[in-house]
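Below you'll find the structure, written out as structure tokens, and then a few comments.
Protein chains: 2
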Amino acid sequence: MHEVKAMTNILYMTVVEDLKDKIMKGIYQPGDMLKSESEMMKEYSVSRMTLRKSLSLLSNAGYIYSVPGKGHFVCEPETDLYQFRFQDYDSLDCEIDKIKLTSVKIEDTGDKVRDLLGGGVTGKNVVLERMAFCAKNPVAIEMVYFPYVPHEPVIEEKLHFANYPKALETRNLFALKKELSVQLVDVPEEVGEKLQCNQGEPVFLITKKVRKKDTNAIISVSKFYIKKEYFSIKAFTPEEDDSKKIF
Amino acid sequence: MHEVKAMTNILYMTVVEDLKDKIMKGIYQPGDMLKSESEMMKEYSVSRMTLRKSLSLLSNAGYIYSVPGKGHFVCEPETDLYQFRFQDYDSLDCEIDKIKLTSVKIEDTGDKVRDLLGGGVTGKNVVLERMAFCAKNPVAIEMVYFPYVPHEPVIEEKLHFANYPKALETRNLFALKKELSVQLVDVPEEVGEKLQCNQGEPVFLITKKVRKKDTNAIISVSKFYIKKEYFSIKAFTPEEDDSKKIF
DNA sequence: TAGTGGTCTAGACCACTTC
DNA sequence: AAGTGGTCTAGACCACTAA
């Protein structure tokens, strides 16, 4: 029907570009129905499978959705969703030059976090405490709780690795999901002493829960207390990265 | 070749489930190469296009990637990426019962943020200030900066809408991307007075920049000062939502 | 009943990697 | 030269929606 100036010589990409362009420019508005597949096949002179490859890409990128028997429609854009990375000590606003394991305990009673963990085989939890230093000053303290498994004893040496928490999460990262809670709290007395904070000083409390995707069971809970000067977040609206996609 | 117990009667989904399962269980580890397409076609008794539909889904979900001429490989999982929503006043940790427009100005000199906006046609910027109240107490103050466009005057009435900032972003939400910076700062004197904070009290400062996707030009900059008790973040590892996908 | 999107196939040609 | 993934086609049958 009409000519479409192509940035690529790949058919389905020219269709994607044209439709995305029409959506970007507002020619298609959220809620609008696109032309039918048979119409678009003629318009772009492509086969049905090729056209649907294009529609699939636009769908994955959040531009369109489809309703069987009716047609393809423009999405309401997701504008309030942000992404950021949190890599434990690597995400602090300073160069961490030392991480020190300050305590390893096994608790079986009276711990509030115990319930969260859902109880291991024995009902006992390992509680591990580490501190992060920057220029010899303590900037963060971390408490990690996870079920104690008798036959997989925690090796102290392993704990010294800066990225040890990952080791806890490991086995298979694909099977896990995580939650993060970021808030500001008055520093608990015990933590304040170790971090050399004034009484009642606000500090960041970041709580990280690691769960199994399938059962939702909690693998570990970490509590990071971070001096308020040493944490901030930069988050971004997700962008499509057309790289490494198969279709 | 062998039987695959299917949760669905859709061929490509049974392939997706089987491969995802093998990855979840660690039978395929990150970096491992999958069997070739022709092998998998035989294994699952599906056509090439159907198999590739499955691989496409797994690729989009971040499980695999492919290298032309070589094969399909298991990804290194993205484990430190988190998502959250920030919807301006709706994201505060209290019920906002009033939003008050406290100031509308047009500035053309001496403003640090002016550079960020990249200058409108006239080089002038609209600066708008609003305050959010909870039970009659001020909890947040917001300064929005955006280019002043003579022929699209800012209508005061519109500013009173709680979601007015969206109106600024509008035209076409698809064409925009945003950045968010969350940090803790000592409250500036002027802001402290309005928020009824003590001198030097820490407050959240959230800076939101809205940009055009294509040119990267800044549409608006917002600075939210929020009393420290009224903001927190809950973020989650992204989950695949197989809903509304075309393939 | 006619039109829509959803699934699936069998085959073709290409560019790339490996030997 | 043989094998791999990447693109593309022309059909087919189905379930769903609408008139």
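Chains as they are written, first to last, in this note's numbering: chain V, 83 to 329; chain A, 83 to 329.
Even glycine gets a Cβ: it sits at the ideal position worked out from N, Cα and C.
When you compare the CB of residue i with every CB in chain A, is at least one pair closer than 9 Å?
i: Ser263/V; result: yes
i: Thr132/V; result: no
i: Arg212/V; result: no
i: Gln142/V; result: One detail in the question is off: residue 142/V reads as Asn in this sequence, not Gln. Yes - at least one Cβ of chain A is within 9 Å of the one on Asn142/V.
i: Lys107/V; result: yes
i: Lys326/V; result: Low local confidence applies: a pLDDT of 46 at Lys326/V is under 50, so the model's placement there is unreliable, and no value is given.
i: Leu116/V; result: no
i: Pro112/V; result: yes
Is residue i close to chain V? Criterion is C-beta to C-beta, closer than 9 Å.
i: Met95/A; result: no
i: Leu183/A; result: no
i: Val203/A; result: In this prediction, Val203/A scores a pLDDT of 47, lower than 50, which makes its location untrustworthy; the coordinate-derived value is nonetheless stated afterwards. So, not an interface residue.
i: Phe228/A; result: no
i: Pro220/A; result: no
i: Phe166/A; result: yes
i: Lys295/A; result: yes
i: Ser138/A; result: yes
i: Val98/A; result: no
Listing by chain order, which chain A residues have their CB less than 7 Å from the CB of residue i?
i: Leu277/V; result: Here the premise fails: no neighbours, minimum Cβ distance about 15 Å.
i: Asn254/V; result: Met106 and Gly108
Since residue i meets chain A, which of its residues come closer than 8 Å, beta carbon to beta carbon?
i: Ala299/V; result: Those within 8 Å of Ala299/V in chain A number zero; the least Cβ separation is about 14 Å.
Measure from the alpha carbon of residue i to the alpha carbon of each residue in the options, then state which is nearest.
i: Asp179/A; options: Lys218/A, Leu163/A, Glu211/A and Lys187/A; result: Lys218/A
i: Pro270/A; options: Lys206/A, Phe306/A, Asp175/A and Glu322/A; result: Phe306/A
i: Lys182/A; options: Ala88/A, Tyr126/A, Tyr171/A and Glu311/A; result: Tyr171/A
i: Gly108/V; options: Arg253/A, Pro159/A, Pro220/A and Met122/A; result: Arg253/A
i: Glu177/A; options: Pro284/A, Val221/A and Gly151/A; result: Val221/A
i: Tyr312/V; options: Ser148/V, Ala214/V and Ser120/V; result: Ala214/V
i: Arg134/V; options: Met122/V, Tyr145/V and Gly144/V; result: Met122/V
i: Glu261/V; options: Ile308/V, Ile288/V, Glu283/V and Glu275/V; result: Ile288/V
i: Thr96/A; options: Leu139/A, Leu258/A, Lys310/A and Ile188/A; result: Leu139/A
i: Ser331/A; options: Phe318/V, Pro284/V, Phe228/V and Gly144/V; result: Because chain A here runs from 83 to 329, residue 331/A falls outside it and cannot be looked at.
i: Leu266/V; options: Glu272/V, Phe256/V and Phe286/V; result: Phe286/V
i: Thr132/V; options: Ile105/V, Leu93/V, Lys310/V and Asp268/V; result: Leu93/V
i: Glu158/V; options: Val226/V, Asp114/V, Val208/V and Ser304/V; result: Asp114/V
i: Lys104/V; options: Ser185/V, Glu119/V, Ala257/V and Ile146/V; result: Ile146/V
i: Lys276/V; options: Glu211/V, Ser127/V, Lys187/V and Asp162/V; result: Glu211/V
i: Val156/V; options: Pro112/V, Cys216/V, Ser173/V and Phe228/V; result: Pro112/V
i: Lys152/A; options: Leu116/A, Gln278/A and Tyr227/A; result: Leu116/A
i: Tyr230/V; options: Met106/V, Cys216/V, Glu224/V and Val209/V; result: Val209/V
i: Asn207/V; options: Glu224/V, Ile223/V and Ile188/V; result: Ile188/V
i: Glu322/A; options: Ala143/V, Ser185/V and Lys124/V; result: Ala143/V
i: Lys102/A; options: Ser302/V, Arg167/V, Lys295/V and Tyr227/V; result: Lys295/V
Mind pulling the chain V residues with CB within less than 8 Å of residue i?
i: Ile315/A; result: Leu262, Ser263, Val264, Gln265 and Ile315
i: Tyr145/A; result: Phe256
i: Lys259/A; result: Phe318, Thr319 and Glu321
i: Pro159/A; result: Leu255 and Phe256
DSSP beta-bridge partners for residue i?
i: Gly153/A; result: Val149/A
i: Ile109/A; result: Its beta-bridge partners do not exist; DSSP assigns none.
i: Gln265/A; result: Leu287/A
i: Gln165/V; result: Phe318/V and Gln165/A
i: Asn219/V; result: Cys216/V
i: Phe313/V; result: Bridge partners of Phe313/V: none, in fact.
i: Asn142/A; result: In the DSSP output, where bridge partners are listed per residue, Asn142/A has none listed.
i: Ile300/V; result: Arg293/V
i: Pro229/V; result: Asn207/V
i: Leu183/V; result: Arg212/V
i: Glu189/V; result: Asn207/V
i: Leu258/V; result: Lys294/V
i: Ile308/V; result: Ala222/V and Phe286/V
Who are the neighbours of residue i on chain V, taking C-beta pairs under 7 Å?
i: Pro284/A; result: Pro284 and Lys310
i: Leu101/A; result: Near Leu101/A there are no residues of chain V at all, since even the closest Cβ is about 11 Å away, more than 7 Å.
i: Leu163/A; result: Gln165 and Arg167
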